[in-house]
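Okay, so here's the structure we're looking at.
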Amino acid sequence: MEQIEWNDFLKVELRVGKIIEAEVFEKARKPAYILHVDFGEELGVRKSSAQITKLYQPQDLVGKLVVAVVNFPKKQIGPIQSECLVTGFHNADGDVALCIPEFEVPLGTKLL
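First residue of the sequence shown? That's 4 in our numbering, and the numbers climb one at a time after it.
This is the structure:
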C-alpha cells in the first residue's frame, strides 16, 4: 500500500450529503441509480451515478446520509454528468454497501 502525506488527504473533500431523490438509471451500461444528493447551502444538490442496485431500492435511499467526494471534476456518464462520487465498500459478494454516517450530522460536513 502506497503511503500518502497528510496534505494529500486534506485535498480530498469527503462531505456528508442526504439523498433527496433516487431513480433507476435506464441508460446505464451496468445497473445503476441516479442519486440527487443535498450537501447543504454551501454546495447544494449534486448528481451521482451509483452501481448499488443489488443492496438498495430507490425508495429506500431517499433520506439516507452518505459520504461523497465532492471535489472531483464532473464526469460524463452516458446522458448525465456525475458531480460527486458517493462512497461505499464491496461486500463478500462484490455488491456495494454505502458508507453511511451512524448519526445525524449537518449536511456538507467534511470528514476529518
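Think of the CB as a built atom: it goes at the ideal place given N, C-alpha and C, for glycine as much as any other residue.
Proximity below 7 Å, CB of residue i to CB of residue j
| i | j | result |
| --- | --- | --- |
| C87 | A71 | yes |
| A53 | L68 | no |
| K78 | R18 | no |
| K57 | D11 | no |
| E45 | G111 | yes |
| I103 | K50 | no |
| N74 | E8 | no |
N-terminal and C-terminal residue of the beta strand (DSSP E) that residue i is part of
| i | result |
| --- | --- |
| Q84 | 83 to 85 |
| D41 | 36 to 41 |
| L101 | 99 to 101 |
| L68 | 68 to 72 |
CB contact check: residue i to chain D, cutoff 7 Å
| i | result |
| --- | --- |
| Y36 | The structure shown contains no chain D, having only a single protein chain. |
CA-to-CA distance, residue j to residue i, given in whole angstroms
| i | j | result |
| --- | --- | --- |
| G20 | G66 | 10 Å |
| I23 | K30 | 21 Å |
| G47 | D96 | 34 Å |
| Y36 | E105 | 23 Å |
| K33 | P76 | 22 Å |
| V108 | G43 | 11 Å |
Where the alpha helix (DSSP H) containing residue i begins and where it ends
| i | result |
| --- | --- |
| K33 | Segment: none, K33 is in no alpha helix (DSSP H) and carries neither H nor E. |
| F12 | 9 to 14 |
| Q62 | 61 to 64 |
From the options, residue whose alpha carbon lies closest to that of residue i
| i | options | result |
| --- | --- | --- |
| Q1 | Q84, E26, E8 | The question about residue 1 has no answer here: the residues shown for the chain are numbered 4 through 115. |
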